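Participant: Residue numbers (our numbering): 47 to 193.
Every residue, glycine too, gets a C-beta built ideally from N, C-alpha and C.
Since we're looking at a predicted model, the values are computed, not measured.
The structure is given below, and queries will be raised subsequently.
Right, here's the structure in full:
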């Protein structure tokens, strides 16, 4: 048995980057920061921030592009994936990223900020406080639609 599952809550470091693949599938990339705080032996407060590269596909990618922005807090669930490519000098490069299948849009850029400005004026304040969750099945293809 094996398990490849990642769960994060963090803030976006930049606005998402959205692209369409040649086959018409949407892909969204962004980075999320998570931080841990502690007090060292001398009583000094310490903080360590870890940056995570996130990749989202399909309809969920479109929603992330529409509703997420720099500073926004999100819950991400997915799997770790490492890919490689050759750079301009012919060197093999690697990157490890999280391929998300669940994203919940949490608070705005500052704690307690309302989402109504990013989701449109039709949302009321009660709806704006709820996290928005969409799940994506990366194995789904247009050929799977039964009609």
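Measuring only the C-alpha atoms, how far is residue 281 from residue 96?
Facilitator: Outside the shown range of the chain, which is 47 to 193, sits residue 281, and nothing can be said about it.
Participant: If residue 107 and residue 72 are in contact, beta carbons under 8 Å, what's the gap, nearest whole angstrom?
Facilitator: Confirmed, about 4 Å.
Participant: Identify, in the order they occur along the chain, each residue of the same chain with its Cβ nearer than 6 Å to the Cβ of residue 133, setting aside the five sequence neighbours on each side.
Facilitator: Here the set comprises 139.
Participant: Tell me whether residue 126 sits in a helix, a strand or coil according to DSSP, three-state version.
Facilitator: Residue 126: strand per DSSP, three-state reduction.
Participant: Provide the residue span of the beta strand (DSSP E) that contains residue 2, from first to last.
Facilitator: Residue 2 lies beyond the range of the chain shown here (47 to 193); nothing can be said about it.
Participant: In the DSSP assignment, what are the bridge partners of residue 48?
Facilitator: Residue 48 is not bridged to any residue.
Participant: Are the CB atoms of residue 121 and residue 150 nearer to each other than 8 Å?
Facilitator: Result yes, Cβ atoms of residue 121 and residue 150 sit closer than 8 Å.
Participant: Does the beta-carbon distance from residue 58 to residue 118 come in below 8 Å?
Facilitator: In this structure, residue 118 lies closer than 8 Å to residue 58 by Cβ.
Participant: What would DSSP say about residue 135, mapped onto helix, strand or coil?
Facilitator: Here residue 135 sits in coil by DSSP.
Participant: From what residue to what residue does the beta strand (DSSP E) around residue 65 run?
Facilitator: Residues 63 to 66.
Participant: Mind checking who residue 119 pairs with in its DSSP beta bridge?
Facilitator: Looking at the DSSP assignment, residue 119 forms a beta bridge with 57.
Participant: Here's a check: name, in chain order, each residue in its chain whose Cβ is nearer than 7 Å to the Cβ of residue 114, leaving out the five neighbours to either side.
Facilitator: Answer for residue 114: 58, 62, 76, 120, 151, listed in chain order.
Participant: How would you call residue 50, buried or exposed, if buried means at least 16 neighbouring beta carbons within 10 angstroms?
Facilitator: Answer is exposed; the Cβ neighbour count stays below 16.
Participant: Report buried or exposed for residue 84, applying the criterion of at least 16 other Cβ atoms within 10 angstroms of its Cβ.
Facilitator: Classification for residue 84: exposed.
Participant: When you compare the CB positions of residue 148 and residue 123, do they come within less than 8 Å of one another, or not?
Facilitator: A contact, by the Cβ cut-off of 8 Å.
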